[in-house]
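Worksheet: one structure, shown below.
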Amino acid sequence: LVEKGRHSVVVRLKGGDPFIFGRGGEEALALREAGIRFEVVPGVTSAIAVPAYAGISLTHRGLSASVAFVTGHEMPGKEESDIHWDRLATGVGTLVFLMGVRNLEFISSQLMEHGRAAETPVAVIRWGTTAEQQTVTGTLGSIAQVAGEAGIKPPAIIVVGEVAGLRQHLNWFEERPLFGKTVVVTRAREQASAFRVLLEGKGAQCLEFPTIEVVPPASWGPLDEAIRNLGLYNWLIFTSVNGVRFFFQRLQEHGKDVRALHGIRLGAIGPKTAAKLTERGLRLDLVPSEYRAEAVIEELGEQEVRGKRFLLPRAAKAREILPEKLEEMGGQIDVVTAYETIRPAGKSEEVRSLLQKGAISCITFTSSSTVENFAAMFPGDELPSLLDKAAIACIGPITAQTAREHGLEVDIMPAEYTVEALTAEVVEYFSRD
529 LVEKGRHSVV VRLKGGDPFI FGRGGEEALA LREAGIRFEV VPGVTSAIAV PAYAGISLTH
589 RGLSASVAFV TGHEMPGKEE SDIHWDRLAT GVGTLVFLMG VRNLEFISSQ LMEHGRAAET
649 PVAVIRWGTT AEQQTVTGTL GSIAQVAGEA GIKPPAIIVV GEVAGLRQHL NWFEERPLFG
709 KTVVVTRARE QASAFRVLLE GKGAQCLEFP TIEVVPPASW GPLDEAIRNL GLYNWLIFTS
769 VNGVRFFFQR LQEHGKDVRA LHGIRLGAIG PKTAAKLTER GLRLDLVPSE YRAEAVIEEL
829 GEQEVRGKRF LLPRAAKARE ILPEKLEEMG GQIDVVTAYE TIRPAGKSEE VRSLLQKGAI
889 SCITFTSSST VENFAAMFPG DELPSLLDKA AIACIGPITA QTAREHGLEV DIMPAEYTVE
949 ALTAEVVEYF SRD
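Taking our numbering, the leading residue of the sequence shown gets 529, the next gets one more, and so forth.
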């Protein structure tokens, strides 16, 4: 640290707070002695965060007016202990031991020998603040046995004091509906974060495993030609958020803006697609109540289609039902590629390993492409058997049909084809357990 600090600006990252059992003070002293200036950015120590996530308030009126953080890593039998057990046992309301699981029996016995009641509540929290959080409770007299039987191992934090009894009333994190569930998100990385936030807000641990990547088309030619001739079209229909994004990106590169759409009627499939257009100040003429291509045809009607010219900027690979039906109804259709979806290089071995261990609770698919590319990563007949312990969640009937074509049994599908509705259905499914 000193060597690098002489010549560079160095960021020294530490978990929690650098000055709470992080040896940050030792490093800062070494820097001071070397004449190197430094800055300390305080963090949230696990000694505070982990109990909070376990529903334990370290201080509480009427229960505890003091708290002490204690290393639990000091070896039993050390000649000159830095821990004053007699003072800790009876002089502090709440004791938080870090790195003490292996010495739990010794810690408990020392506190009881020095005057702390054997009935004092104790909580041990493993992997605190994560989706793998595990909490066991007992008393000073029983906690070593309870933790041992539960298989508690490091990393874990020990909380001793009456406040540990508050957990039964304040436990919030572990009571979230998807707590303890691991959900795979196969959506494109640039769109996965919003879905992930929804799932994590319900307590899920999310594993991002994008099976599609959205990229520009091999050639902008057809889209550019359509943009140059926008005045020829009666209707412009978008079937996805990505179609909106790439269309307007290209429109701007041609030196045009929304005024170029004057006189053209606008349609969008799905509320997210519609929202992207209204964000640009555009008013829509058609947003079908059902978020699929067939609904566009039903709501337009033959009278509106016949003799009209339609522009559909969309993915290179997409269902042909919409252009085919519009053409059958007497419309003139120009389908142009606005973007392509490709299969990214994914770490399928990691997902395979987790599936084989039964560590994945649910796999979500938000388009037929996500299903097809996921299946392509697991060739042969292994896919159905590999996924037999995980729930399969599909955003809508088209995606669900693709999943079934690959031998998968679909467990979850919302009535509304949005990630918000899909999240709600995932919650509902696991709430039945």
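Ideal Cβ positions, reconstructed from N, Cα and C, are used throughout, including at glycine.
Rounded to the nearest angstrom, the Cβ distance from I870 to E702 is 40 Å, too far for a contact under 8 Å. Rounded to whole angstroms, the separation of the alpha carbons of E937 and C734 is 21 Å.
A Cβ-Cβ distance of about 6 Å is found for the pair P649 and T667, placing them in contact under the 8 Å criterion.
The DSSP-derived three-state label of G590 is coil. Excluding the 5 residues flanking it on each side, A866 has same chain C-beta neighbours closer than 8 Å at P745, L751, N770, G771, F774, F775, R778, P841, R842 and A843, in chain order.
In the three-state reduction of the DSSP assignment, W613 falls in the helix class. In the structure shown, T806 adopts helical secondary structure according to DSSP, grouped into three states. Per DSSP, the continuous beta strand (DSSP E) segment holding A796 begins and ends at R793 to A796. When rounded, the separation of the alpha-carbon atoms in V572 and V578 is 10 Å. Only exposed fits L557, as fewer than 16 other CB atoms lie within 10 angstroms of its CB. Closest by C-alpha distance to T801, out of L814, G791 and L789, is L814. Cβ contact annotation for F906 (same chain, cutoff 8 Å, sequence separation greater than five): S876, R880 and L914, in chain order. Secondary structure at L936: coil, using DSSP grouped into helix, strand and coil.
A678 is positioned such that its CB atom lies no closer than 8 Å to that of V711. A direct Cα-Cα distance of roughly 12 Å separates Y945 from P816.
Counting only runs of at least 4 residues, the stretch 645 to 726 fully encloses the following alpha helix (DSSP H) elements, listed from N- to C-terminal order: 671 to 677 and 695 to 698. According to DSSP, P841 shares a beta bridge with V864. As the crow flies, the alpha-carbon of V538 is around 37 Å from that of T587. Excluding the 5 residues flanking it on each side, E718 has same chain C-beta neighbours closer than 8 Å at V742, in chain order.
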